[in-house]
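Okay, structure first, notes after.
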Amino acid sequence: MAQLLICTNSPGELDTWVTPIVRTFHAEYPNGSVCIFITPCQYASGSETRLATAIPHVTQVYSPKETLRYLLARPWRYPTRSNTRVLSLGGDPLYARLLAWKHRCPAGIYTHRNIQSLAGFAHCFSSPHDDGLMAESVSGPIPDPPIPVPANYLLVLCGSRPQHFFNLLPFMLSVIQELKRTIPTIPVVLGVSPFIDPNDWKQCQATHDCSGIHCIHTPSMTPYIANAKLIVSIPGTNNAQMAYLKKPALVLLPTNKPRALILDGLAGLIGKLPILGTAIVRLAIAHTLKTTPFFSLPNRWLGHAIYPEYVGHLHVNQVANATATLWNTCSQHTHIQSSLSKLTKKYTSETILRLLFEGESS
73 MAQLLICTNS
83 PGELDTWVTP
93 IVRTFHAEYP
103 NGSVCIFITP
113 CQYASGSETR
123 LATAIPHVTQ
133 VYSPKETLRY
143 LLARPWRYPT
153 RSNTRVLSLG
163 GDPLYARLLA
173 WKHRCPAGIY
183 THRNIQSLAG
193 FAHCFSSPHD
203 DGLMAESVSG
213 PIPDPPIPVP
223 ANYLLVLCGS
233 RPQHFFNLLP
243 FMLSVIQELK
253 RTIPTIPVVL
263 GVSPFIDPND
273 WKQCQATHDC
283 SGIHCIHTPS
293 MTPYIANAKL
303 IVSIPGTNNA
313 QMAYLKKPAL
323 VLLPTNKPRA
333 LILDGLAGLI
343 GKLPILGTAI
353 VRLAIAHTLK
363 TTPFFSLPNR
373 WLGHAIYPEY
383 VGHLHVNQVA
393 NATATLWNTC
403 SQHTHIQSSL
413 SKLTKKYTSE
423 TILRLLFEGE
433 SS
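Structural data, given as structure tokens:
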């Protein structure tokens, strides 16, 4: 019986990488088993274990604490099984290396990094200029939105991580109200990520005025992305989904609340310190803004600003005006859609699993 052990870390990877891999694995190996190991990660929302359990055909899910406990538990190593594979789909590759060592089996890694090989991995599926799995996650027939909304709407996405969502929400509500002064009839849908805890969202609604806005909190945002006229979002994996669906969008990266941003590595750890942390975060943000030409994935892949990006200390009027201009400029919608048609798809879930289990070179 084939066994697939997946290491993953945060909302985007779980939704757009893990789901198509599991779906294809089940089609190829109906009697196989899939175990998902959620690894510790500063980008996690806290809901990964709950939502991973809901993915069809998953045999078992390990929370971050259970993943660490599993790796450290005896026996240190299991007997070799010819049909067991490990696949890293996001997060620190160390955990996948340790899992492959424990099970004495080959491992593969899917990554946006431009690398040909990586120590500890028999297969390196490097995809720095596209994302076939993300494309696959929005391919095929897309169902109608489960909760009806008006046609030709503006979709606002504040992020899948609670830290981002709840910090950005007040700003975006102000933008929406300002936008409605310019375009009174504009229908607005606020997409609430399934990674946001329902109780937290309920409490948030009690303290924020969402009148005149269609607030949608469902297991999948894909039907709402697919049917939107225009999308306003922060950088993230949903930018790739929007791009493969050829949807016009505006991408925001506000630095108005520096400590609300999640930073990588040492800067992220030091940034949590009470006084020194704020200064470190500001320096890290300033360096990132200077050295990063694009923040949206499709812009990075294609090498220019297909999606307009607004980065830095943003103002409500600034974002509302930019949104209104793009909403009313149909020629720019056509240009964006034409440019997005150039996106490619290097790896599919079928290719990855075939190479991983048949032992061919990737």
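Count along the sequence shown from 1, then add 72; that gives the number in the numbering used here. Yeah, the Cβ is synthetic: ideal placement off N, Cα and C, and Gly gets one too.
- Per DSSP, A179 is one residue of the beta strand (DSSP E) stretching across A179 to T183.
- If you check the CB distance, L86 and L171 do not come in under 7 Å.
- Assigned with DSSP and collapsed to three states, F367 falls in coil, not helix or strand.
- In this structure, the CA atom of N239 is about 33 Å from the CA atom of S198.
- Residue pairing by DSSP places I127 in no beta bridge whatsoever.
- Listed in chain order, the alpha helix (DSSP H) elements of length 4 or more contained wholly in the segment 274-311 are 294-299.
- Between I306 and P330 the beta-carbon gap is near 15 Å, outside 8 Å, which marks them as no contact.
- The three-state reading of DSSP puts Q409 in helix, counting H, G and I together.
- Close CB contacts of P151 within its chain, under the 8 Å cut and outside five residues either way in sequence, are with R176 (chain order).
- DSSP places P200 outside both helix and strand once states are collapsed to three, so it counts as coil.
- Under the 10 Å beta carbon count, G284 is surrounded by fewer than 16 other beta carbons and is classified as exposed.
- Each residue's CA atom was taken as its position, placing T327 and H385 some 5 Å apart.
- Apart from sequence neighbours up to five positions away, the residues of its chain that approach S117 with a beta-carbon distance below 8 Å are S82, P83, S232, R233, P234, S265, F267 and I268, ordered along the chain.
- Annotation for P112: P136 place their beta carbon closer than 6 Å to its own, counting only its chain and skipping 5 residues before and after.
- Two segments are said to touch when three or more pairs of C-beta atoms, one from each, lie closer than 8 Å; by this definition the segment 378-395 does not touch the segment 212-220.
- Sorting Q75, V94, M206 and A99 by C-alpha distance to the C-alpha of A315 places M206 at the top.
- DSSP assignment within the segment 349-403 yields the following whole alpha helix (DSSP H) runs of 4 residues or more, N-terminal first: 369-374 and 388-400.
- Here the segment 419-429 does not lie against the segment 351-369, with fewer than 3 beta-carbon pairs under 8 Å apart.
- Beta bridge pairing from DSSP links F109 with C79 and Y134.
- Annotated three-state conformation of A207 is helix, per DSSP.
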